[in-house]
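Heads up: the structure comes next, in structure tokens.
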Amino acid sequence: MKNFMIKGLVMSVVFGLVFSTFLSFQVQAAPKAGEKKININTASLVELQKLPRIGEKVGQRIIDF
């Protein structure tokens, strides 16, 4: 019984390591055809607000920096 539990534990660890390795190779989505890259060094507040999770306050802080 103890030998069976050890084998099960080892197999679980091996499976977890293999599975986590495959998850680490995530493919990044390419920008859509209509979207352009935004240079945050020269972008206006309106352009910065088009970025995900950038609102008016964060956009203004980027410009002020």
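Each number in the numbering used here corresponds to the 1-based position in the sequence shown with 1 added. All residues carry an ideal CB built from backbone N, CA and C; glycine is no exception. Here the structure is a predicted model, which is why all the values come from computation and not from measurement.
Query raised in the report: At which residues does the alpha helix (DSSP H) containing Ser-45 begin and terminate?
Result: Sequence index remark: in the sequence shown, residue 45 carries index 44 (1-based). That residue, Ser-45, is in no alpha helix (DSSP H); it is neither H nor E in DSSP.
Report task. Could you pull the start and end residues of the alpha helix (DSSP H) that Phe-20 belongs to? Result -> Within the sequence shown, residue 20 is the residue found at index 19, counting from 1. Per DSSP, the continuous alpha helix (DSSP H) segment holding Phe-20 begins and ends at 3–25.
**Report entry** Range of the contiguous alpha helix (DSSP H) that encloses Gly-60
**Finding:** The residue labelled residue 60 in the question sits at position 59 within the sequence shown. Per DSSP, Gly-60 belongs to the alpha helix (DSSP H) from 57–65.
Report task. For Leu-49, count neighbouring C-beta atoms within 10 Å of its own C-beta (all shown protein chains included) and say buried if the count is 16 or more, exposed if not. Result -> In the sequence shown, residue 49 corresponds to position 48, counting from 1. Buried: at least 16 other Cβ atoms inside 10 Å.
Query - Pair within 9 Å by beta-carbon distance, Leu-46 and Ile-64 - result: Taking the first residue of the sequence shown as 1, we reach residue 46 at position 45. Taking the first residue of the sequence shown as 1, we reach residue 64 at position 63. Yes; because the gap between Cβ atoms is below 9 Å, this pair is in contact.
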